[in-house]
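Numbering (the numbering used here), first residue to last: 97 to 390.
See the structure below:
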């Protein structure tokens, strides 16, 4: 019994002190077993470190994910559809501007044209109609003038003109103009005038070959151009619608004989008639005038 008590003494009173780490050859008691508080502290430190590392990794992952999913965070780039819509809008606006300008110019031009068309002061120049004024021959024969030639009548281009014929009494008139009271023994002028009244052009010849002038006192033939022909002998003209022509013939105030011999008796004062006869191509025009010698 005493031997058992002595052997337990050392076991109770002696505490085993952990030795420092001596390498891989030491026993488990040589490494040291941590106490309960120390183990808790160590486990808490490991948990905190792991959580910190995990948080950092999660933050980094989120940052990388955000950067990858939102490349326009630092610089926004429009997509092609937006560019196309903008270009289409600009094109439509440009077309509307051009159309507006064109419409404005058109309206101005139309307004100017309308003002010109309705201008009451438009230039309306009347067409002058040329006519031949009858010559009033003087009793002394100084009024002899050359007749005015009428304008020729031309047919329309491409049309076949009709063959001209002599003027008939229905197509023309013949008149004689003389002074009212010439002196006896003085030269008396007689103006032969022809005017067309129809629409068809016709021929006249106021020369002495086709026109005869006679001076009569009652039924007495005092003087005639058949004895003393006047100039010209032929004067044929084609007269159109509304045309006129004239020829001046002078009477010396004396009688005449065949051959127009000079020195014939002077006509006495009194009333005389001038009869003009125009004959051409079977058509006859006659005109007459009366005057008195004083």
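By construction, the Cβ of each residue, glycine as well, lies at the ideal position given by its N, Cα and C atoms.
Within the DSSP secondary-structure output, residue 310 pairs in a beta bridge with 320, 371. Each of 276, 293, 292 was checked against the Cα of residue 285, and the nearest Cα belongs to 276. The Cβ-Cβ distance between residue 372 and residue 274 does not fall below 8 angstroms. For the 8 angstroms CB-CB criterion, residue 268 and residue 376 do not form a contact. If you draw a straight line from the Cα of residue 200 to the Cα of residue 177, it comes to about 35 angstroms.
Looking at the DSSP output, residue 341 sits in a beta bridge with 290.
DSSP lists 389 as the bridge partner or partners of residue 366. At a Cβ-Cβ threshold of 8 angstroms, residue 294 and residue 266 count as neighbours.
Non-local beta-carbon contacts of residue 326 in its own chain, meaning distances under 6 angstroms to residues more than five positions away in sequence, involve 304, 345 in chain order. When rounded, the separation of the alpha-carbon atoms in residue 299 and residue 263 is 5 angstroms.
Look at residue 285 here: in three-state DSSP terms it is strand.
Assignment of residue 377 by DSSP, reduced to helix, strand and coil, places it in the coil class.
Here residue 343 is not near residue 350, since their CB atoms are 8 angstroms or more apart. Per DSSP, the beta bridge partners of residue 332 are 301. Considering only 378, 384, 358, the residue with the shortest C-alpha distance to residue 369 is 384. DSSP, read as helix, strand or coil, puts residue 280 in coil. Residue 353 and residue 319 have their alpha carbons spaced roughly 8 angstroms apart.
Listed as beta-bridge partners of residue 350 by DSSP are 362. Beta-bridge analysis with DSSP links residue 270 to 290. Taking 8 angstroms as the cut-off, the Cβ atoms of residue 347 and residue 290 do not count as close.
Using a Cβ distance threshold of 8 angstroms, residue 280 and residue 365 count as a contacting pair.
The three-state secondary structure of residue 262, taken from DSSP, is strand. Under the three-state reduction of DSSP output, residue 383 falls in the strand class. Nearest C-alpha to residue 257 among 388, 374, 336: 336. Residue 355 places its beta carbon 8 angstroms or farther from that of residue 292. Setting aside the 5 residues that flank it on each side, residue 278 is surrounded in the same chain by 235, 284, 387, 389, each with a C-beta closer than 7 angstroms to its C-beta; the list follows chain order. Taken through DSSP and simplified to helix, strand or coil, residue 178 comes out as helix.
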